[in-house]
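Counting from 1 along the sequence shown, just add 40 to a position and that's the residue number in the working numbering. This report refers to the structure that appears directly beneath it.
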Amino acid sequence: MRLPTALAPWSDSLSYLTPDLAMALGPLVRGIHQLVSRRESACVEQGSLDGFEGVSRRGHPELMLVSEWLLADEAPVEFLRRAAQRELLHLAPAVRRPSGRGRVAMLADTGPDQAGAGRLVQLASLIVLHRRAVALGTELAVGILGQKPGGWMTGDLPELLKAWLDGRRPVEPDVDDVSAWTSDVTEADEVWILTGTRLSSKLPARRRVVSSGESAWGERGVTHVRVACNDISAELAVPDGPVAVRALRGLEFKRAPVAVNRPEGATTLRFPIFPSSARRILARGETANELVSVPVPQTAGRRAVKPRLHRLAGPILAASVLGNRIVAVIEQDRMLGVQVIGNPLGKVRSVSVPIEALDLDLRDIEQICSEELAPLFYQSGDVISPLGDDGWWRFRPDSAAYRTDLVAVAPSTGSQFDQPHFVTRGPHGKHVSVPGSFERIEPEDDVVVLGGGGYARSTDAHTWHVVHPSGVRAGITVEPESCVLGLAFDENEPMLVTAGRGGVLLRLVRPSGTRALTGWSGLPSLPVIHPTQPLIAAMDETGRLKVGDLITGETLLRVATDR
Numbered sequence: 041m042r043l044p045t046a047l048a049p050w051s052d053s054l055s056y057l058t059p060d061l062a063m064a065l066g067p068l069v070r071g072i073h074q075l076v077s078r079r080e081s082a083c084v085e086q087g088s089l090d091g092f093e094g095v096s097r098r099g100h101p102e103l104m105l106v107s108e109w110l111l112a113d114e115a116p117v118e119f120l121r122r123a124a125q126r127e128l129l130h131l132a133p134a135v136r137r138p139s140g141r142g143r144v145a146m147l148a149d150t151g152p153d154q155a156g157a158g159r160l161v162q163l164a165s166l167i168v169l170h171r172r173a174v175a176l177g178t179e180l181a182v183g184i185l186g187q188k189p190g191g192w193m194t195g196d197l198p199e200l201l202k203a204w205l206d207g208r209r210p211v212e213p214d215v216d217d218v219s220a221w222t223s224d225v226t227e228a229d230e231v232w233i234l235t236g237t238r239l240s241s242k243l244p245a246r247r248r249v250v251s252s253g254e255s256a257w258g259e260r261g262v263t264h265v266r267v268a269c270n271d272i273s274a275e276l277a278v279p280d281g282p283v284a285v286r287a288l289r290g291l292e293f294k295r296a297p298v299a300v301n302r303p304e305g306a307t308t309l310r311f312p313i314f315p316s317s318a319r320r321i322l323a324r325g326e327t328a329n330e331l332v333s334v335p336v337p338q339t340a341g342r343r344a345v346k347p348r349l350h351r352l353a354g355p356i357l358a359a360s361v362l363g364n365r366i367v368a369v370i371e372q373d374r375m376l377g378v379q380v381i382g383n384p385l386g387k388v389r390s391v392s393v394p395i396e397a398l399d400l401d402l403r404d405i406e407q408i409c410s411e412e413l414a415p416l417f418y419q420s421g422d423v424i425s426p427l428g429d430d431g432w433w434r435f436r437p438d439s440a441a442y443r444t445d446l447v448a449v450a451p452s453t454g455s456q457f458d459q460p461h462f463v464t465r466g467p468h469g470k471h472v473s474v475p476g477s478f479e480r481i482e483p484e485d486d487v488v489v490l491g492g493g494g495y496a497r498s499t500d501a502h503t504w505h506v507v508h509p510s511g512v513r514a515g516i517t518v519e520p521e522s523c524v525l526g527l528a529f530d531e532n533e534p535m536l537v538t539a540g541r542g543g544v545l546l547r548l549v550r551p552s553g554t555r556a557l558t559g560w561s562g563l564p565s566l567p568v569i570h571p572t573q574p575l576i577a578a579m580d581e582t583g584r585l586k587v588g589d590l591i592t593g594e595t596l597l598r599v600a601t602d603r
């Protein structure tokens, strides 16, 4: 497909995109180019005047040639015609510019607020700034707010597109992030900050800020955005439909970038969880499509444990290890489906539900994929998972999704993965169901924690009543204002893992006494507790994944990551 003449100036940059995306992105590219050009033309020309370098059809009236003024006296109608057609000749000033020039840099806000249309604006801006850098004879550098300041990425456009695409951040950046990134740029560098109205309103002194916000909607979602470059703004159309969705996933990028070599043994690993009764950790990889699986050994040994990376067909919302397979809920073309890695599992592959059926949109999908994996369970041929803010959903192979009355779900002990334990809340009250027990929870506001095949309940989050899988009951009192992270058992004795105020100090609390988990306290994020076994896992201060045994205190595993 040949691009229209209006997109000819960006033909080289757009050649890295599919023709469909290049055409759909055209109005946005042209509009942002006009905003950028008007912003720069309003600034003082860099350099100093150094006489004249010929004639031009543009210029101030005082620089118009004397012959043109003579024409105004002798043939005023012809003079007006030439003025209307911009045919009048002016002296062209010569500007002495510095011999060296800095880079063109794009500093992108990739937080949740920029999901969807905001990301499309950034993609179009990347095309515009790449062409601008080429025209100025310099390079384009890309930085991601929220990443380590100073880590500017350069290279060919495919590499920059990949770096930007994978640079989504789970939290919103602030003014301090901008200051940290721009503290070491030179005066010659041309730094453009791409963000939304929230952050741009806090950057009034910045010269080059491109902000965007959704301004019009149609049946299929956002149709227009208001893009502002400092005090200049315009309403621009954004691509919609499948091409926009595929663009945000990088599926409309024609030329794959050169693979980046990682240190041997290092793996990008984020948000580790114990998803089931298996001794296996699942975690997010570098991108929303990547899943990392890490087996946990029975004892610490010399044999290295190698994480396994799985690339799925779409962004991963929920995942679990069920038997000898991995099952995940993914999104493709605004549809939720189930992908199975390993042996087939019933008819779950036939699940296909529009995201709108769960009151979700693409921004919600991006938000979910920027956080910890949602849990997933299998019961009576259906997949059960909590997605969004509306509680637990049941996905059936007949391509239907239903809200449930589930409040909490946990795996059963052993290998019987299709009989999960659960807490429900319906018209007849709140109930907990574990093997050998179906108990009503009164008052209904009691907190219930499932774990180890049993459960714990509390009215005040201070005194807990624990029920062992065998039916034996015990009481545990925890420190005031503590948060219970998980429940486990040391044979018949229950253990609650708690985090104190601020999540700094972790404790292992039993009826017989309390032990501080000093090796698991003060970490960058709270550890996770295995739902059926006395195991604990977290990312340590060095960015490594570590797994330990709550009973023995032994560290079973450490996995190096590149984060």
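All C-beta atoms in this analysis are idealised placements derived from N, C-alpha and C, irrespective of residue type, glycine included.
- request: Could you say which of Thr150, Gln154, Met104 lies nearest to His130 if we only look at CA atoms?
  value: Locating residue 130 in the sequence shown gives position 90, counting from the first residue. Among Thr150, Gln154, Met104, the Cα nearest to that of His130 belongs to Met104.
message: Tell me which residues share the same chain as Glu328 and place their Cβ nearer than 7 Å to its Cβ, disregarding the 5 neighbours each side in the sequence.
response: Within the sequence shown, residue 328 is the residue found at index 288, counting from 1. The sequence as given places Ala at residue 328; Glu does not occur at that position. Excluding positions up to five away in sequence, the list reads Pro355, Ile356, Cys409.
task: Could you tell me whether the Cβ atoms of Val472 and Glu482 are closer together than 8 Å?
output: Position 432 of the sequence shown, counted from the start, is the residue given in the question as residue 472. Position 442 of the sequence shown, counted from the start, is the residue given in the question as residue 482. Cβ distance not < 8 Å, so Val472 and Glu482 don't count as in contact.
query: Along the chain, which unbroken stretches of the alpha helix (DSSP H) at least 4 residues long are found entirely within the stretch 389-458?
result: 402-409
message: If contact is defined by three or more beta carbon pairs under 8 Å, each pair taking one atom from either stretch, is the stretch 275-291 in contact with the stretch 533-544?
response: By the Cβ rule, the stretch 533-544 does not count as touching the stretch 275-291, because fewer than three pairs are nearer than 8 Å.
- request: Report the rounded CA-to-CA distance for Lys387 versus Gly466, giving the unit in angstroms.
  value: Locating residue 387 in the sequence shown gives position 347, where the first residue counts as 1. Locating residue 466 in the sequence shown gives position 426, where the first residue counts as 1. About 28 Å.
field: Continuous alpha helix (DSSP H) stretch holding Trp192: start and end
entry: Residue numbering aside, residue 192 sits at position 152 when the sequence shown is read from its first letter. No alpha helix (DSSP H) holds Trp192; DSSP gives it neither H nor E.
- request: Only counting runs of 3 or more residues, tell me where the beta strand (DSSP E) segments fall wholly within the stretch 450-518, in order along the chain.
  value: 461-466, 469-474, 477-481, 487-491, 494-498, 503-507, 513-517
Residues bridged to Glu533 [DSSP beta-bridge criterion]: Walking along the sequence shown from the start, residue 533 turns up at place 493. Paired residue(s): Asp530.
task: Kindly list the residues whose CB is nearer than 6 Å to the CB of Thr444, restricted to its own chain and excluding five residues on each side of it in sequence; keep chain order.
output: As a first step, residue 444 must be located in the sequence shown, where it is residue number 404. Taken in chain order, the residues that qualify are Trp432, Arg434.
- prompt: What residues in its chain sit with their C-beta under 6 Å from that of Gly71, if we drop five residues either side in the sequence?
  reply: Numbered from 1 along the sequence shown, position 31 holds the residue referred to as residue 71. Around Gly71: Ala274, Leu276.
field: Ala293 versus Ser522: straight-line alpha-carbon distance, rounded
entry: Translated into the one-based positions of the sequence shown, residue 293 becomes position 253. Translated into the one-based positions of the sequence shown, residue 522 becomes position 482. Here the sequence assigns Phe to residue 293, which means Ala is not the residue at that position. If you draw a straight line from the Cα of Phe293 to the Cα of Ser522, it is about 49 Å long.
- prompt: Is Gln338 buried or exposed, if buried means 16 or more other CB atoms sit within 10 Å of its CB?
  reply: To locate residue 338, count along the sequence shown from 1; it is residue 298. Burial check for Gln338: the Cβ neighbour count within 10 Å stays below 16, so the residue is exposed.
message: Is it buried or exposed, Pro138, if we count other Cβ atoms within 10 angstroms and call 16 or more buried?
response: On the sequence shown, position 98 is the one that residue 138 refers to. Below a pLDDT of 50, predicted positions are generally treated as unreliable, and Pro138, at 47, falls in that range; no measurement from the model is reported.
task: Just grab the DSSP bridge partners of Trp232 for me.
output: Taking the sequence shown and counting its residues from 1, one reaches residue 232 at position 192. For Trp232, which the question treats as bridged, DSSP gives the partners Met146.
query: Can the beta-carbon of Glu406 be found less than 8 Å from the beta-carbon of Arg208?
result: As a position in the sequence shown, residue 406 is number 366, starting the count at 1. As a position in the sequence shown, residue 208 is number 168, starting the count at 1. Their beta carbons are under 8 Å apart, which means Glu406 touches Arg208 by this criterion.
Alpha-carbon spacing of Thr558 relative to Trp192, whole angstroms: Taking the first residue of the sequence shown as position 1, residue 558 is located at position 518. Taking the first residue of the sequence shown as position 1, residue 192 is located at position 152. Roughly 37 Å separates the two Cα atoms.
message: Can you find the residues in the same chain that come closer than 7 Å, C-beta to C-beta, to His170, ignoring five residues on each side of it along the sequence?
response: Along the sequence shown, read from residue 1 onward, the residue named residue 170 stands at position 130. Cβ neighbours of His170 beyond the five flanking positions: Ser53, Leu180, Leu197.
- request: Use the C-beta contact count for Trp50: other C-beta atoms within 10 angstroms, 16 or more gives buried, fewer gives exposed.
  value: If you number the sequence shown from 1, residue 50 lands on position 10. It is buried - the Cβ of Trp50 has at least 16 other Cβ atoms within 10 Å.
Whole-Å CB distance - Leu413 paired with Ala359, under 8 Å assumed: Numbered from 1 along the sequence shown, position 373 holds the residue referred to as residue 413. Numbered from 1 along the sequence shown, position 319 holds the residue referred to as residue 359. The pair is a contact, with the Cβ atoms about 5 Å apart (cut-off 8 Å).
task: Measure the C-alpha to C-alpha separation of Met579 and Pro189 and round it to an integer number of angstroms.
output: As a first step, residue 579 must be located in the sequence shown, where it is residue number 539. As a first step, residue 189 must be located in the sequence shown, where it is residue number 149. Looking at the two C-alpha atoms, the distance is approximately 22 Å.
- prompt: Buried or exposed: Leu163, going by 16 or more other Cβ atoms within 10 Å of its Cβ?
  reply: Your numbering for residue 163 matches position 123 in the sequence shown. It is buried - the Cβ of Leu163 has at least 16 other Cβ atoms within 10 Å.
query: So who's on the other strand from Gln162, going by DSSP bridges?
result: Walking along the sequence shown from the start, residue 162 turns up at place 122. According to DSSP, which records beta bridges pairwise, Gln162 is partnered with nothing at all.
field: Identified DSSP bridge partners for Arg550
entry: Within the sequence shown, the letter at position 510 stands for residue 550. Looking at the DSSP assignment, Arg550 forms a beta bridge with Gly553.
query: Going by Cα to Cα distance, which pick from Asp430, Lys242, Asp422 is closest to Ser439?
result: For this step, residue 439 is matched to residue 399 along the sequence shown. Selected option, being the one with the closest Cα: Asp422.
query: Comparing alpha-carbon positions, which option in Ala353, Asn364, Ala62 lies nearest Ser455?
result: As a first step, residue 455 is located in the sequence shown; it is residue number 415 there, counting from the start. Per the Cα distances, Asn364.
- prompt: What residue from Ser223, Pro551, Pro571 has the CA that sits closest to Leu525's CA?
  reply: Your numbering for residue 525 matches position 485 in the sequence shown. Looking at the Cα atoms, Pro571 is the closest of the given residues.
message: Would Leu597 and Val345 be called neighbours here (beta carbons separated by less than 8 Å)?
response: Sequence index remark: in the sequence shown, residue 597 carries index 557 (1-based). Sequence index remark: in the sequence shown, residue 345 carries index 305 (1-based). The answer is yes: Cβ separation under 8 Å.
message: Once the 5 residues before and after Arg348 are set aside, which same chain residues still bring their CB inside 6 Å of it?
response: Against the sequence shown, residue 348 aligns to sequence position 308. Cβ neighbours of Arg348 beyond the five flanking positions: Ser333.
Enclosing alpha helix (DSSP H) for Thr222 [first to last residue]: Taking the first residue of the sequence shown as position 1, residue 222 is located at position 182. First-last of the alpha helix (DSSP H) with Thr222: 215-222.
- request: Use the C-beta contact count for Lys586: other C-beta atoms within 10 angstroms, 16 or more gives buried, fewer gives exposed.
  value: Here the question's residue 586 lines up with position 546 in the sequence shown. Here Lys586 is buried. Its C-beta has 16 or more other C-beta atoms within 10 Å.
- request: Please classify Glu227: is it buried, with 16 or more other beta-carbons within 10 angstroms of its beta-carbon, or exposed?
  value: One-based indexing of the sequence shown puts residue 227 at position 187. Exposed, because fewer than 16 other Cβ atoms sit within 10 Å of the Cβ of Glu227.
- prompt: Got a sec? Which residues, its chain only, sit under 7 Å from Gly253 by beta carbon, not counting five neighbours each side?
  reply: Taking the sequence shown and counting its residues from 1, one reaches residue 253 at position 213. Excluding residues within five positions, the ones whose Cβ falls inside 7 Å are Gly236, Thr237, Val265, Arg266.
- prompt: According to DSSP, what are the bridge partners of Pro335?
  reply: The residue labelled residue 335 in the question sits at position 295 within the sequence shown. Answer is Arg320.
task: With a 10 Å radius around its C-beta and 16 neighbouring C-beta atoms as the bar for buried, classify Glu371 as buried or exposed.
output: To locate residue 371, count along the sequence shown from 1; it is residue 331. With 16 or more Cβ atoms within 10 Å of its Cβ, Glu371 is classed as buried.
- request: In angstroms with no decimal places, state the Cα-to-Cα distance between Leu546 and Ala62.
  value: Start at 1 with the first residue of the sequence shown, and residue 546 comes out as number 506. Start at 1 with the first residue of the sequence shown, and residue 62 comes out as number 22. Looking at the two C-alpha atoms, the distance is approximately 53 Å.
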